[in-house]
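The structure appears below as structure tokens.
Residue numbers (full-length UniProt numbering): 1 to 170.
Below, the structure is given as structure tokens:
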């Protein structure tokens with residue numbers, strides 16, 4: 001199942017299994033909703049980086065490719081440097097594992113001082129061997145952040161809206 005970025009209650013599954021793994025549908029939903037002046041970091045996963053080229057650019061939007069595993073640390077650094085700016089990290093489950101979980105602890109400690117709490121981390125489940133189903137949304141909730149899990153493609157738009165309007169990092 002798709003890991004985290006938004007909306008389903010835990011336990012619900014995508015009957016087809018693969019439609020919620022389509023990064024392009026998630027990127028389309030986020031791209032249409034990205035606020036002005038957003039910063040987007042994209043993990044170096046070849047598939048994800050290729051899809052991220054589909055993000056719609058606009059004035060004030062900063063999109064940066066990162067090495068594998070660096071999207072979340074770079075996003076946290078961008079947010080700490082400019083807490084008024086909404087920041088988004090797009091990473092795969094393999095990219096979240098090296099540093100992402102530890103970075104969530106930093107976010108949990110620092111976000112209450114941010115004027116704009118929008119730091120959204122989207123974790124794409126790849127289903128690759130060695131990328132077990134880590135409950136990233138649950139981990140975020142344990143730290144006092146907002147966590148959303150999507151297992152059904154039809155809920156991607158709702159999840160994106162929720163992630164962008166929740167008054168805490170997601």
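Cβ coordinates follow ideal geometry from the N, Cα and C atoms, glycine included.
Computed from a predicted structure; not experimentally measured.
**Request:** Verify whether the separation of the beta carbon atoms of residue 220 and residue 151 is less than 7 angstroms.
**Result:** The chain is shown from 1 up to 170; residue 220 falls before or after that span and cannot be answered.
**Prompt:** Taking Cβ to Cβ, would you say residue 71 is nearer than 7 angstroms to residue 89?
**Reply:** yes
**Message:** Suppose the cutoff is 7 angstroms on Cβ atoms and the five residues either side in sequence are ignored; what does the same chain contact list for residue 19 look like?
**Reply:** Only weak support exists for where residue 19 lies, its pLDDT of 47 falling under 50; the value from the coordinates is given anyway. Here the set comprises 153.
**Asked** How is residue 122 classed by DSSP in three states: helix, strand or coil?
**Response** strand
**Prompt:** Between residue 100 and residue 122, what straight-line distance do the alpha-carbon atoms span, to the nearest angstrom?
**Reply:** Residue 100 and residue 122: Cα-Cα distance of roughly 11 angstroms.
**Prompt:** How many Å lie between residue 162 and residue 66 at the Cα?
**Reply:** 26 angstroms
**Asked** Where does residue 143 fall in DSSP's three states?
**Response** coil
**Message:** According to DSSP, residue 45 sits in a beta bridge with which residue or residues?
**Reply:** The partner list for residue 45 (beta bridge, DSSP) is empty, contrary to what the question assumes.
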